[in-house]
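First to last, the protein sequences are chains L and R.
Going by the working numbering, the residue at position 97 of the first sequence is 97; the numbering climbs one at a time, nothing skipped.
Going by the working numbering, the residue at position 68 of the second sequence is 68; the numbering climbs one at a time, nothing skipped.
Read the structure below first, then the notes.
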Amino acid sequence: GIQVEQSPPDLILQEGANSTLRCNFSDSVNNLQWFHQNPWGQLINLFYIPSGTKQNGRLSATTVATERYSLLYISSSQTTDSGVYFCAVERRSNDYKLSFGAGTTVTVRA
Amino acid sequence: NAGVTQTPKFQVLKTGQSMTLQCAQDMNHNSMYWYRQDPGMGLRLIYYSASEGTTDKGEVPNGYNVSRLNKREFSLRLESAAPSQTSVYFCASSLGANDQTQYFGPGTRLLVL
Chain L
1 GIQVEQSPPD LILQEGANST LRCNFSDSVN NLQWFHQNPW GQLINLFYIP
51 SGTKQNGRLS ATTVATERYS LLYISSSQTT DSGVYFCAVE RRSNDYKLSF
101 GAGTTVTVRA
Chain R
1 NAGVTQTPKF QVLKTGQSMT LQCAQDMNHN SMYWYRQDPG MGLRLIYYSA
51 SEGTTDKGEV PNGYNVSRLN KREFSLRLES AAPSQTSVYF CASSLGANDQ
101 TQYFGPGTRL LVL
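See the structure below:
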């Protein structure tokens, strides 16, 4: 199956700092999504971004499909940004099967 | 709109017992999914239903069965629970082929003793 690698595995930030999370994948993809899992376990979809760049408030994401990676940018981090960020991809075969990376755990300190 | 709802929130089973996890969505989505999440890992797809009337195996289907009861509801059944099935189970839904953004329920925490 497709391999999804996220880096770094852990990230500690001071409130107000900026950061970049990376997702590498091993095959062409039809679908790439970023999720945030908050400390209470709720999973929230941040971006559906198989290619290109999107922005939503302080978060933005860029996927370079030809080079098989995606980046999630967090600017001016807040304590509410803490949690685990997952990248998930679906192979170009369009079979509805999302494969998740192991996640990046982000801790934002006040 | 409630979005995606799951019941129960928490369950303890003994090895060999059976149970059904319920999932419902009110977003008129065509596709629904069941995942499990184990400590320190990402989610793994158990089963999915691309549309009403169809179900397919995901990455880890062994020990589970599913039923797409109607467009709104997608249940996951454990026929004979095993300690290896201790996990947090998430249901998700998406509109379908034209928009595969997935929306998740709050999860069910299952402990098998």
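Glycine residues also receive a C-beta, built at the ideal position from the N, C-alpha and C atoms.
These figures come from a predicted structure and were not determined experimentally.
Distance CB(R/GLU79)-CB(R/ASN65) smaller than 8 Å: When the beta-carbon positions are compared, R/GLU79 and R/ASN65 come within less than 8 Å of each other.
Just how far apart, CA to CA, sit R/GLN6 and R/ALA24? As the crow flies, the alpha-carbon of R/GLN6 is around 7 Å from that of R/ALA24.
Measuring only the C-alpha atoms, how far is L/GLY57 from L/SER76? Spanning the two alpha carbons is a distance of roughly 10 Å.
Go ahead and pull the three-state DSSP assignment for L/THR63. It is a strand residue.
When you compare the segment 58-68 of chain L with the segment 97-104 of chain L, are there three or more beta-carbon pairs, one atom per stretch, that lie closer than 8 Å? Output reads no: the segment 97-104 of chain L does not touch the segment 58-68 of chain L.
Is R/LEU110 close to chain L? Criterion is C-beta to C-beta, closer than 8 Å. Not an interface residue.
Start and end of the beta strand (DSSP E) containing R/GLN11? Here the beta strand (DSSP E) through R/GLN11 covers 10-13.
Along chain R, which residues have their Cβ under 9 Å away from the Cβ of L/GLY16? Simply none; closest approach about 29 Å.
Interface partners of L/SER45 on chain R, CB under 7 Å: Residue 45 of chain L is actually Asn in this sequence, not Ser. Close partners of L/ASN45 in chain R (Cβ separation under 7 Å): THR101, GLN102 and TYR103.
My assumption, with CB atoms under 8 Å, is that L/ASN30 sits in contact with L/GLU90. Please give the rounded CB distance. Taking 8 Å as the upper bound for CB-CB distance, L/ASN30 and L/GLU90 are in contact here, some 5 Å apart.
Shortest alpha-carbon distance to L/PHE47 belongs to which of L/GLN55, L/ILE74 and L/TRP40? Among L/GLN55, L/ILE74 and L/TRP40, the Cα nearest to that of L/PHE47 is on L/GLN55.
Secondary structure of L/ASP10, DSSP reduced to three states: Here DSSP, grouped into helix, strand and coil, assigns L/ASP10 to strand.
Along the beta strand (DSSP E) that carries L/GLY52, what are the first and last residues, could you check? Run containing L/GLY52: 52-56, per the beta strand (DSSP E) assignment.
Among the residues of its own chain, which have a CB less than 6 Å from the CB of L/THR53, if the five just before and after it don't count? Result list for L/THR53: THR62, in chain order.
With 16 as the cutoff for other CB atoms within 10 Å, does R/GLN37 come out buried or exposed? Sixteen is the threshold: when 16 or more other Cβ atoms of the shown chains lie within 10 Å of the Cβ of R/GLN37, as they do, the residue is buried.
Compute the beta-carbon to beta-carbon distance between R/TYR33 and R/GLN102, rounded to the nearest angstrom, for a pair I have assumed lies under 8 Å. With a beta-carbon spacing of about 7 Å, R/TYR33 and R/GLN102 fall inside the 8 Å limit used to define contacts.
Amino acids of chain R, ordered along the chain, whose beta-carbon sits closer than 8 Å to that of L/GLY52: Within chain R, no residue comes near L/GLY52; the closest Cβ sits about 15 Å away, beyond 8 Å.
What does R/ALA50 touch in chain L if you count any residue whose Cβ is under 8 Å from its own? R/ALA50 reaches chain L at TYR96, counting residues in chain order whose Cβ is nearer than 8 Å.
Since R/GLY53 meets chain L, which of its residues come closer than 7 Å, beta carbon to beta carbon? What R/GLY53 touches in chain L: nothing, since even the nearest Cβ is about 15 Å away.
Let me know if L/ARG109 comes out buried or exposed under the rule of 16 or more other beta-carbons within 10 Å of its beta-carbon. Per the 10 Å Cβ criterion, exposed.
My guess is that L/ASP10 and L/THR105 are in contact by the Cβ rule of under 8 Å, so how many angstroms apart are they, rounded? Yes, L/ASP10 and L/THR105 are in contact; Cβ-Cβ is about 5 Å, under 8 Å.
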